[in-house]
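Be aware that the sequence shown starts at 1, since it is given in my numbering, and climbs by one per residue.
Every residue gets a Cβ at the ideal spot worked out from N, C-alpha and C, and that includes glycine.
Small disclaimer: the values here were computed from a predicted structure and weren't measured.
Heads up, the thing below is written out as structure tokens.
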Amino acid sequence: MSTTATPAKPIASASDANQKAVESSMLSPRFYTTDFAAMDRLDVSSVRTEWDAMMREYEGDNNHDHFQRDEKFAEEVAELMPKLSPEMRQEFLDFLISSLTSEFSGCILYNEIRKNIENPDIKQLMTYMARDESRHAGFINQSLKDFGLGIDMGDLKRTKAYTFFKPKYIYYATYLSEKIGYARYITIFRQLEKHPEKRFHPIFRWFELWCNDEFRHGESFALIMRANPHLLRGLNKLWIRFFILAVYATMYVRDHTRPMLHHAMGLDSDEYDYTVFRITTEISRQVFPIALDTDHPDFRAGLEKLFAISQANELAKARGGVVGKLTQAVCAVRAALTFGRLYLMPVQSSELPQTVRMVPAW
Ligand SMILES: [Fe+2]
Ligand SMILES: [Fe+2]
Numbered sequence: 001m002s003t004t005a006t007p008a009k010p011i012a013s014a015s016d017a018n019q020k021a022v023e024s025s026m027l028s029p030r031f032y033t034t035d036f037a038a039m040d041r042l043d044v045s046s047v048r049t050e051w052d053a054m055m056r057e058y059e060g061d062n063n064h065d066h067f068q069r070d071e072k073f074a075e076e077v078a079e080l081m082p083k084l085s086p087e088m089r090q091e092f093l094d095f096l097i098s099s100l101t102s103e104f105s106g107c108i109l110y111n112e113i114r115k116n117i118e119n120p121d122i123k124q125l126m127t128y129m130a131r132d133e134s135r136h137a138g139f140i141n142q143s144l145k146d147f148g149l150g151i152d153m154g155d156l157k158r159t160k161a162y163t164f165f166k167p168k169y170i171y172y173a174t175y176l177s178e179k180i181g182y183a184r185y186i187t188i189f190r191q192l193e194k195h196p197e198k199r200f201h202p203i204f205r206w207f208e209l210w211c212n213d214e215f216r217h218g219e220s221f222a223l224i225m226r227a228n229p230h231l232l233r234g235l236n237k238l239w240i241r242f243f244i245l246a247v248y249a250t251m252y253v254r255d256h257t258r259p260m261l262h263h264a265m266g267l268d269s270d271e272y273d274y275t276v277f278r279i280t281t282e283i284s285r286q287v288f289p290i291a292l293d294t295d296h297p298d299f300r301a302g303l304e305k306l307f308a309i310s311q312a313n314e315l316a317k318a319r320g321g322v323v324g325k326l327t328q329a330v331c332a333v334r335a336a337l338t339f340g341r342l343y344l345m346p347v348q349s350s351e352l353p354q355t356v357r358m359v360p361a362w
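Below, the structure written as structure tokens:
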């Protein structure tokens, strides 16, 4: 990668951290709201056996005591954090804040759906998923508090902008973000399992069991979509294609703006991202009839270009003035064209398997 990342505004105080969580940009995780009445009408009876088995897993709650720190946690924090360079510390903080925002985004959405519907199947599912996401967000927040940078989640809930998504967009986007969350956490966990000397913070020891929650959340949306097969046919395939590309491209650009984090783990951002894409694509064949060819050289070149445009845009933003504004407008057009070209690349089609459920085997 020839382009280097632009330094973002440093996170130096709790107010900076909270500001970072609340900010809405192309790359920052968003909060969502949806059409609750439509969700209330969801019918999962055609996947009843698999659904009930999944509900029993949620009820069993095998991670109920996982999100508690052990006695070594504080020692490791005290030993390892002073060793981080200031730049690396910034990237790690950015990672913690965006991960917390994204976990909390799930928590709020699932909770709002739960409160606004009567449908017993969906209500029960949302209760379990909100429970998990609230634990995840709270656990990350403890690590931010070690830095004196805890996020006020009540305030974040009140002040961050909400994006309205039709239910079907929620299913596509949330399914992907849960499965990509699984793939991201397990890839980091496996890498640090092989190279424990590169585990620069104890939170990564929690990722293995943690990502099983995300995997199961993804399974829930897979069952909802398979129970409503019109969501996976006809013109909806174009939406699926759009959401896969949008989610992959956002992740790629965001990860490449913080390359040090992956270097510290002994990964590079390309290697990490393409591993995550491969895992996510493999899993998503349980529900999506199409997949992107993320190993195609043109696809990779397109993502590199999107990253370069995003860097140019950041520089223009920092420059300000008329020239800065014009450059930003040019960047927006170039990004849209590049995204469009990626969107039009041929996709791989596949038959949906008989059995929907998968096990987290990566
Ligand atoms: Fe989560
Ligand atoms: Fe999740």
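Per the Cβ contact rule, the stretch 196-206 is not in contact with the stretch 150-158 (fewer than 3 Cβ pairs under 8 Å). In this structure, the alpha-carbon of Glu304 lies about 11 Å from that of Ala335.
According to DSSP, residue pairing for Thr163 in a beta bridge involves Tyr32. Restricting attention to alpha helix (DSSP H) runs no shorter than 4 residues, the stretch 93-148 encloses them at 120-146, ordered along the chain. Judged by the Cβ position, Asp132 qualifies as a neighbour of ligand 1 at the 7 Å threshold, a heavy atom of the ligand being closer than this. Per DSSP, His263 is one residue of the alpha helix (DSSP H) stretching across 259-264. Set against 7 Å, the gap from the CB of Asp213 to the closest heavy atom of ligand 1 is smaller. In this structure, the C-beta of Gly302 stays at least 7 Å away from each heavy atom of ligand 1. With three or more CB-CB distances shorter than 8 Å, the stretch 98-108 counts as touching the stretch 13-31. Scanning its chain for C-beta atoms nearer than 7 Å, with the 5 sequence neighbours on each side dropped, one finds around Ile290 the residues Lys237, Ile240, Arg241, Val347, Gln348, Ser349, in chain order. Proximity of the beta carbon of His66 to ligand 2 is not indicated: no heavy atom of the ligand is located closer than 7 Å. Rounded to the nearest angstrom, the gap between the Cα atoms of Glu118 and Ala38 is 11 Å. Ser349 sits in a strand when the DSSP states are folded into three classes. Proximity of the beta carbon of Glu50 to ligand 2 is not indicated: no heavy atom of the ligand is located closer than 7 Å. Per DSSP, reduced to three states, the secondary structure at Ile11 is coil, with no helix or strand assignment. Boundaries of the alpha helix (DSSP H) around Leu342: 321-343. Remark: fewer than three beta-carbon pairs, one from each stretch, lie closer than 8 Å, so the stretch 104-118 and the stretch 80-95 are not flagged as touching. Of the candidates Tyr343, Ser45, Phe165, Ser45 places its Cα closest to the Cα of Asn228. In the DSSP annotation of this structure, the continuous segment of the alpha helix (DSSP H) that includes Gly60 starts and ends at 48-60. The residues Ser24, Arg30, Phe31, in chain order, have a CB closer than 8 Å to that of Ala161 in the same chain once the five nearest residues on each side in sequence are set aside. Inclusion of Pro10 and Gln90 in the CB contact set at 8 Å is warranted, their separation being smaller than that value. Closer than 7 Å to some heavy atom of ligand 1: that describes the Cβ of Gly106. Within the model, the alpha-carbon separation for Val77 versus Ala137 is close to 19 Å. If you check the CB distance, Thr250 and Tyr274 do not come in under 8 Å. Between the stretch 180-199 and the stretch 262-281, the count of Cβ pairs shorter than 8 Å is three or higher; the stretches touch. In this structure, ligand 1 has a non-hydrogen atom nearer than 7 Å to the beta-carbon of Glu103. Take the alpha-carbon of Met225 and the one of Leu176: they are about 12 Å apart.
Between Glu178 and Gly234 the beta-carbon gap is near 24 Å, outside 8 Å, which marks them as no contact. Shown here for Ala130: same chain residues with a beta carbon closer than 7 Å to its own, the five before and five after excluded, namely Cys107, Tyr110, Asn111, Arg114 in chain order.
Sorting Ile140, Phe221, Thr257 by C-alpha distance to the C-alpha of Phe73 places Ile140 at the top. Burial is judged here by how many other beta carbons sit within 10 angstroms of a residue's own beta carbon; Phe164 has fewer than 16 and is exposed.
For His256, the enclosing alpha helix (DSSP H) has its first and last residue at 236-256. DSSP places Asn63 outside any alpha helix (DSSP H), giving it a letter other than H or E.
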